[in-house]
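The listed protein sequences derive, respectively, from chains A, B, C and D. Offset between the first sequence (1-based) and this note's numbering: plus 1. Offset between the second sequence (1-based) and this note's numbering: plus 1. Offset between the third sequence (1-based) and this note's numbering: plus 1. Offset between the fourth sequence (1-based) and this note's numbering: plus 1. Taking it in order: structure first as structure tokens, then the write-up.
Protein chains: 4
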Amino acid sequence: MIKLRAGILGATGAVGQNYVLLLENHPWFEVNYLAASPNSAGKRFGDAVAGKWFMDKNFPSNLADIVVGDASKPEQALEKCDFVFSSYEGSKENIQETEMRYAELGIPVVSNNSAHRWTRDVPMIIPGINDYHVEVIDTQRTNRRFSRGFVVTKPNCSIQAYMAPIEALWKAGYLPKRMIISTEQASSGAGYPGVPSLDLLDNIVPFISGEDEKSEKEPLKIFGTLTDGEICLYPNLKISATCTRVPVINGHTAIVNLEFDNKKPGSLEEIIDIWKNFLAEPQKLGLPSAPQHPIIYRYEDNRPQPRKDRDAGNGMAVTVGRLRKCDVLDIKFVSSSHNTILGAAGGAILTAELLHVKGYL
Amino acid sequence: MIKLRAGILGATGAVGQNYVLLLENHPWFEVNYLAASPNSAGKRFGDAVAGKWFMDKNFPSNLADIVVGDASKPEQALEKCDFVFSSYEGSKENIQETEMRYAELGIPVVSNNSAHRWTRDVPMIIPGINDYHVEVIDTQRTNRRFSRGFVVTKPNCSIQAYMAPIEALWKAGYLPKRMIISTEQASSGAGYPGVPSLDLLDNIVPFISGEDEKSEKEPLKIFGTLTDGEICLYPNLKISATCTRVPVINGHTAIVNLEFDNKKPGSLEEIIDIWKNFLAEPQKLGLPSAPQHPIIYRYEDNRPQPRKDRDAGNGMAVTVGRLRKCDVLDIKFVSSSHNTILGAAGGAILTAELLHVKGYL
Amino acid sequence: MIKLRAGILGATGAVGQNYVLLLENHPWFEVNYLAASPNSAGKRFGDAVAGKWFMDKNFPSNLADIVVGDASKPEQALEKCDFVFSSYEGSKENIQETEMRYAELGIPVVSNNSAHRWTRDVPMIIPGINDYHVEVIDTQRTNRRFSRGFVVTKPNCSIQAYMAPIEALWKAGYLPKRMIISTEQASSGAGYPGVPSLDLLDNIVPFISGEDEKSEKEPLKIFGTLTDGEICLYPNLKISATCTRVPVINGHTAIVNLEFDNKKPGSLEEIIDIWKNFLAEPQKLGLPSAPQHPIIYRYEDNRPQPRKDRDAGNGMAVTVGRLRKCDVLDIKFVSSSHNTILGAAGGAILTAELLHVKGYL
Amino acid sequence: MIKLRAGILGATGAVGQNYVLLLENHPWFEVNYLAASPNSAGKRFGDAVAGKWFMDKNFPSNLADIVVGDASKPEQALEKCDFVFSSYEGSKENIQETEMRYAELGIPVVSNNSAHRWTRDVPMIIPGINDYHVEVIDTQRTNRRFSRGFVVTKPNCSIQAYMAPIEALWKAGYLPKRMIISTEQASSGAGYPGVPSLDLLDNIVPFISGEDEKSEKEPLKIFGTLTDGEICLYPNLKISATCTRVPVINGHTAIVNLEFDNKKPGSLEEIIDIWKNFLAEPQKLGLPSAPQHPIIYRYEDNRPQPRKDRDAGNGMAVTVGRLRKCDVLDIKFVSSSHNTILGAAGGAILTAELLHVKGYL
């Protein structure tokens, strides 16, 4: 099988480094183009990341000699890749424009950036939850007269720790009505250098810029219905979120209090069974990055813990625990997942796999 | 002025060490009796804590030669102290019985233990919130035919981070109806050796045994009304709590989502003003350990932080920040305080000061 | 190929849990017997470690139903295993006696314990360094009239971070004469619960009981010569060590200052070449747990770092960096390795592999 | 008594913030001028540090409205201060030139910067060790035709953890000949934002740029003799240092191996007595920031620990422990002190106090 040639925009940055590692030995994709800011452009990749490679694992040695392209010049990617992952940094306007120029040139863009998340004809996809939103790509292509190219986004990492358990209950007929969420998020979510050690030694920081708002709004688009190729925000869910930073390297943890709409599960055991048996599109389609079980329930009182559970399902599963009745809403639980794998590069790779199977790449 | 002679039961333990330091140079009390388990009894205090003194500051050198008493033998405290602070460890039954035997012998007990918190004629006091519950002592003395002695308790450390802000709103006429709380609690709350470092390096633990329940129930007694010298639990407040442990030495942080009963504040500014202007009994009575302002509001987005705010008001103030509207309940905010000072030994010392002024010691 | 049946003494403890994980899918050995203290004996392994399993990865599900044996009763191991790994806890005398009873019954013991390290006819082996010391087993068998059984030990974890680089230089003709070493050791070295979090948050502890002494003496036996089946301590090396504990989960780091005996390398480059090209018995014999390169040299100024380098060579390699001239002795460098893999269970498994190839198992 | 008016160059930075807090309520000095980079110049100090104030304690409210000056324009300081503390950032050349321009204008400069440490006629002073080097100021004034102004520096923070114990032995007649040192340094030594949290969670970094070299060379100037108003480097001491960064907020710890020149102490007890009884100029002169005892010896095996010992003597004392014989050199010990107090702002304030008493301010 001939592998699709993937490009990485922002390859020298924090998310880019994750892409580089996760795509090593990928069965369907191979990294064939690495682009970054004009500063790094023209350098060997090995030189461009020297002193800036912060991942625990080294990058594949065969990438060291690739000459880094200029991510702001989409034409450089032509002939070199069949699609790109974008974790390119810049102003919102700049990213919006640049990503669309790749699409215009016929290069599909799977983006980690928030820039296009609220663009009407750009879907924000979590495989296993709103896979059918890929159809918005057709609308986008029509609207913008793109032939092969398009832009899709993935949501913020903070919500991925608990979207799967909500979706599983939804599919079982139990719709969410109101949610109060607080998160304990890992340092790597802020990239590198990111959060100073002086802020996280013997300390937590109860604020992450923009994160509360993203956590409250993005689920409404993801749970949105599709009408005539357009997404209508889901109107019947209210979320209140408080996001905090804790001294953890990888793994976001969320404490979720949830109220159901009219219909409620009969027991906590029923809910756990729903979670344990949940299988979604990525599992049914056999996507290479899909975990065997998207949701893992741990019965131990003291789980999930980010360090012990972040690697479940190769970092692509959500681990849930501490399901209890909530005296204010209906239920409460703790949910955790790997923020830079499921929540960032891994989730985008899974999206690309989905797009490939659906014929969009 | 002649100082009251205080005893410390459990003086060699984690809370006991806090008492020792906080009572150094106290204007009204002086430590005159140190008691611990039979293991330590009979040793010099300096020897009993050798290798077990885990506080950053050393203990006062004048205590080194005090011979440690046996806390399980209340008669040893007679003639040596006018009242005792109890952080004695043991089974619930054992603590209940032992503390009452001190009271029976005429020695008032201000206890950190949870053993008597739900005993009907024992008040659970937070000075500045339910000071008038001290009257339950009269009932207790009558019930049990105590003359001078009695037992009072203080609530669990986890709720002290947010009880003052709730009380301030209550006094202003805004009663709480429903609260969803999640906490990020410091390691010192588990005592020493307490939480293993392997559990808190690059990790959080989303569970503290018994803590969710205490957080949900104890406020109902504290906010209870007094009828004929008995406390009736406050019936109109529902609390749902999830308590977690984070890699912080001292300082519990709570994320509070709050719904008011019928009457609601007009604006967030009004709430902040209520908090900033809140003064309670300890301030009015000029208690030595009372902070000038029991509640400090920080306008910065990223506060309160446990390391930076735990020492506010010498560890006796609550620092609040991030007040926002909540789309599910009414408001949400983050609140933090020092768990071993306000939340434990400091809070109990403030209670003793209150009891002294009220004529009970 | 029929796998050898391995037993694990102390299987529920910290090192035992490492054995369980590292032996999963081992090509030569399979775990067939799990033993622990009388407390755990008779329980299902799954029950015995419930709430005590502290490794990030779960234990293989097929071990859950194995009934735990009593490690203090060697006869229980008969028929169940061809040899045992011992990380059984107890007094020195108790361990010495128990391990020898296994040997007497014909069951070879590869021990992590320090109890027999200084027993004259028991070798202390680091594969790749003193492989030929296995011959002491013959002496031991003769002395004690053992037929098949014997006891071998491995040295303390703290020295493994730098023994390989010293050995590589030795083999190249550059003998060490004097060494000054300080270590920054990981929390997992103390087992679980081990070091309290209150000791390692915002702190280091400059003392590990017994560790300085082991670091100074054990290399003398390992580098000892063999005469008539007996080890003579190497007389010409003086070591001064200071061992400290730092807030790191896994990975011991050593700062080594080294003076050579008469002959000295010509340049730092020569030394790096020696390290990079070093291959030893485990590599030549193709032992399954042997890393491809026992020593990895990192040229970056800021390496080795325990979190980034501990997994090099699947946790079995030593990573070295910062080689510089020393103005007091001859050279200095920083060396790091995984303390619970190379330094404990992994090192013992490699020893067992060596013993198997040499015909002792 | 009229207080001297102090200025702080670089007042918004990490060291500057320390100065601000340490000079609050100083008996001899009052902060009357705050200067920073052109970016901050012209702003209210409260605005200039908004979101950048990283100290645990707040700055004195009376400084909030001071308009920040431009540190690169020495003339702005005229009339506003009698001397300045300099922690101004910039290139070495720029700092060298700027500090000398202050001196030229008649404003003495006590500098934390390394820029002038090796300028021949600029002394590098640790009060209590080389107080008499202040005489080099006379040479400097003569050389450069300064009337009132001058520049003095203080050494790097990393060496302050162990210079006092060396000096105490020296004064007792035991001169150091060779030293091998490794340090475990706190995050705050790198300023703010400084070291990323991703580098120090579950990790140490065995490298701090320039720190090994400073540790090896600066003591030679501090121990240098004065001949004709010039410092001759001490020729008979060789130091080899390896400096590492650990996850500690404040407090540098050093592991010191020391060889004496011809004369050696008779016993470890003698050394401890020398340290405990050591008193130096700052104590004899009664300087306000001088600790009662510059060296505190702790007999416990596991001390000094940075978190527990950094505040000894209000952060101005050195705490020493673990004195043992060294089998390679003569003795070894562990020494620790507060890097941003004794090692930075506090040390410079003590220097200013010394200069004031000596008539130089």
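Each residue gets a CB set at the ideal place from its N, CA and C atoms; glycine is no exception.
query: Does the beta-carbon of T154(C) have 16 or more other beta-carbons within 10 angstroms, so that it is buried, or is it exposed?; result: buried
query: Residues in the region 191–217 of chain B with C-beta within 7 Å of chain D's C-beta atoms, listed in sequence order?; result: L202, D203
query: Hey, how far is the Cα of L269(D) from the Cα of N278(D)?; result: 14 Å
query: For a test of the three-state rule: what should DSSP assign to D274(B), helix, strand or coil?; result: helix
query: Pull up the distance between the alpha-carbon of K333(C) and that of I182(C), whole angstroms please.; result: 10 Å
query: Run down chain B in chain order and give the residues with a C-beta less than 8 Å from the C-beta of F60(C).; result: By Cβ distance, chain B contributes nothing, its closest Cβ being about 17 Å from F60(C), past 8 Å.
query: Identify the continuous alpha helix (DSSP H) that holds F46(C) and give its terminal residues.; result: 46–49
query: Can you tell me which of the three DSSP states Q186(A) falls into?; result: strand
query: Which whole-angstrom value is the C-beta distance of I296(D) and V321(D), which I expect to be below 8 Å?; result: 6 Å
query: Considering only residues of the same chain and omitting the five flanking positions on each side of Q97(B), which have a CB-CB separation below 8 Å?; result: A116, H117, T120
query: Taking all protein chains shown into account, do 16 or more other C-beta atoms lie within 10 angstroms of the C-beta of I275(D), making it buried, or fewer, making it exposed?; result: buried
query: Taking the beta carbon of V68(C) as the centre, do at least 16 other beta carbons fall within 10 Å, making it buried, or is it exposed?; result: exposed
query: What does D57(C) reach in chain A if we use C-beta pairs closer than 8 Å?; result: R308, K309, D312
query: What residue range does the beta strand (DSSP E) around R246(A) cover?; result: 239–246
query: I250(C) touches chain B at which residues, Cβ-Cβ below 8 Å?; result: L199, L202, D203
query: Between which two residues does the beta strand (DSSP E) containing T228(D) stretch?; result: 226–228
query: DSSP beta-bridge partners for S87(C)?; result: L10(C), S112(C)
query: If I measure Cβ to Cβ from S148(C) and keep anything under 8 Å in the same chain, skipping five residues before and after, which residues do I get?; result: G107, R142
query: Which residues does DSSP pair with M299(A) in a beta bridge?; result: Reading the sequence as shown, one finds Arg at residue 299(A) and not Met. R299(A) pairs with G322(A).
query: Is the CB-CB distance between V196(D) and R146(D) below 8 Å?; result: no
query: Need the endpoints of the beta strand (DSSP E) that S336(C) sits in, please.; result: 332–338
query: In angstroms, rounded to a whole number, what distance separates the CA positions of V123(B) and D83(B)?; result: 19 Å
query: Name the DSSP bridge partner or partners of F55(B)?; result: Partner(s): none; F55(B) has no beta bridge.
query: Where do the ends of the beta strand (DSSP E) carrying V32(C) lie?; result: 30–37
query: As a quick exercise: from K53(B), E185(B), I272(B), pick the residue whose alpha carbon is nearest that of A162(B).; result: E185(B)
query: Tell me the DSSP secondary structure of C158(C) in three-state form.; result: helix
query: How is A255(A) classed by DSSP in three states: helix, strand or coil?; result: strand
query: Using a Cβ-Cβ cut-off of 7 Å (strictly less than) and excluding sequence neighbours within five positions of Y175(C), which residues of its own chain qualify?; result: F261, K264, K265, P266
query: What is the DSSP secondary structure of P177(D), reduced to helix, strand or coil?; result: strand
query: If you draw a straight line from the C-alpha of P166(B) to the C-alpha of P177(B), how long is it?; result: 11 Å
query: Using a Cβ cut-off of 8 Å (strictly closer), state whether S112(A) contacts chain D.; result: no
query: Looking only at its chain, what residues have a beta carbon closer than 8 Å to the beta carbon of D139(B), apart from the 5 residues adjacent to it on each side?; result: G230
query: With DSSP collapsed to three states, give me the class of I232(C).; result: strand
query: Can A37(A) and A15(A) be called in contact, C-beta distance under 8 Å?; result: no
query: Pop quiz: P128(D) and T352(D) are said to be a contact at Cβ under 8 Å. What is the actual Cβ separation, rounded to whole angstroms?; result: 6 Å
query: Please determine, among V329(B), P28(B), F60(B), the residue with the shortest C-alpha to C-alpha distance to L35(B).; result: F60(B)
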